[in-house]
Structure formats: structure tokens, C-alpha cells
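The sequence shown stops at residue 72 when you use full-length UniProt numbering, and every number in between is there.
All C-beta atoms, glycine included, are put in the ideal place defined by N, C-alpha and C.
Keep in mind the model is a prediction, meaning the values are calculated, not measured.
Structure first, commentary second.
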Amino acid sequence: MSRYRASVNIPAGPNESPTPEEQDALAPFDLTTANPEDLAIWIAAAELRLVTDRRLGKVTPKWVEQLARAKG
Numbered sequence: 001m002s003r004y005r006a007s008v009n010i011p012a013g014p015n016e017s018p019t020p021e022e023q024d025a026l027a028p029f030d031l032t033t034a035n036p037e038d039l040a041i042w043i044a045a046a047e048l049r050l051v052t053d054r055r056l057g058k059v060t061p062k063w064v065e066q067l068a069r070a071k072g
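Below you can see the structure in the form of C-alpha cells.
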């Protein structure tokens, strides 16, 4: 087991509004304003996610597929 733990704020119920941070995470992803270095890292991570999901037999989210196909 990993000694690192992720901290995730999960809403208590379906009627609870998302926090401002959660709302930012749900906002549309704009690649045109991204720093080129960051964009290259995001694309590489998305490509790795595609391979990993395929090997594990998992479904990859559409946004990850779109990001992996993006041009850096």
C-alpha cells in the first residue's frame, strides 16, 4: 500500500453545490490558453492514460481521448 494519500473533497449529497474549486475543475478545458510546456505534459499524461486503461481493460473518458489527440 502506498504511503501517499490523496485528499478529495466529495460532496455529501446530490443536492450539495460544488465548491469553487470543484466548479473550476468542471469548467471547459481550454487548450488555447495553456502554457506550451504544461500542454505537452498534459498530452503525454493523457497518452499514458490511454495505454494504461487499454491494458487494464478500462474505459477511458472522452476528454482524455481528446486531449491525447491534441497537438502540442
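For threonine 32, I'd like the list of residues in its chain whose CB is within less than 6 Å of its CB, leaving aside the five on either flank, ordered along the chain. none
At the level of alpha carbons, what is the spacing between aspartate 38 and leucine 50? 18 Å
Output needed for alanine 44: all residues of its chain with C-beta closer than 8 Å, excluding positions within five of it in sequence on either side, in chain order. none
I'd like the list of long-range same chain contacts for lysine 71, defined as Cβ closer than 7 Å, with 5 residues on each side in sequence excluded. none
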